[in-house]
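Note that the sequence shown ends on residue 169 in my numbering; no numbers are left out. Working notes for the structure below.
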Amino acid sequence: ATGFDNSNYFEEVYRGCIHYANGDAWHLPEGAYETMLCLKDSGVKLAVVSNFDSRLRKLLKDLNVLHLFDAVIISSEVGYEKPDDKIFRAALDEISVDASKAVHVGDDIKADKAGANAVGIDCWLWGTDVKNFADIQNRILQSES
């Protein structure tokens, strides 16, 4: 015997899946909402490109930010995931923005930076290139002027 009880394990996994499928389990980082709202009000098109699943739309709605995005591109819905260039092209196509005018903010050098750069999108890595949402807002608005 291993001491491992399968029924408890699967029950815990199930509870975790249900818990994290609701917005109550998540929160926006400080400054995120204000930055997205400011950029949106300034005419910047916003998109989510994620290797998540279709629960992401509900989470964004529960967090009261879904309406701020012009596109939500989810790997499980489009059939390819970052770093595949097709997922980035799907976002560009949906918001009608040229890659040279876009920026992708991510946290993974391979999935985010390599994928975005492969289609000509500049990528800022969180914690390296940008440290907070004010950095993102300032850099985007400065490039717009």
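Quick reminder that beta carbons are idealized off the backbone N, C-alpha and C, glycines included. Since we're looking at a predicted model, the values are computed, not measured.
1) With DSSP as the reference, label residue 95 as helix, strand or coil.
2) Is residue 121 closer than 8 angstroms to residue 164 when the C-beta atoms are compared?
3) Is the separation between the beta-carbon of residue 98 and that of residue 70 shorter than 8 angstroms?
4) Bridge partners of residue 130, per DSSP?
5) So which of 55, 157 and 96 has the shortest CA-CA distance to residue 118?
6) Using CA atoms only, rank isn't needed, just tell me which of 159, 85, 109 and 100 is closest to residue 142.
7) Out of 101, 72, 33 and 105, which one is the CA nearest neighbour of residue 91?
8) Could you please give the first and the last residue of the uninterrupted alpha helix (DSSP H) stretch that includes residue 56?
9) Could you name the residues of the same chain whose beta carbon sits closer than 7 angstroms to that of residue 124, not counting the 5 residues immediately before and after it, in chain order?
10) Looking only at its own chain, which residues have a Cβ that is under 7 angstroms from the Cβ of residue 25, when we skip the five neighbours before and after it?
11) To the nearest angstrom, how far is it from the Cα of residue 161 to the Cα of residue 56?
The short version:
1) strand
2) no
3) no
4) 149
5) 96
6) 109
7) 72
8) 56-65
9) 144
10) Caution is warranted here: a pLDDT of 47 is assigned to residue 25, below 50, making its placement in the model unreliable, and the coordinate value is therefore given only provisionally. If we look at residue 25 and ignore the five residues flanking it on each side, it has no Cβ neighbours.
11) 10 angstroms
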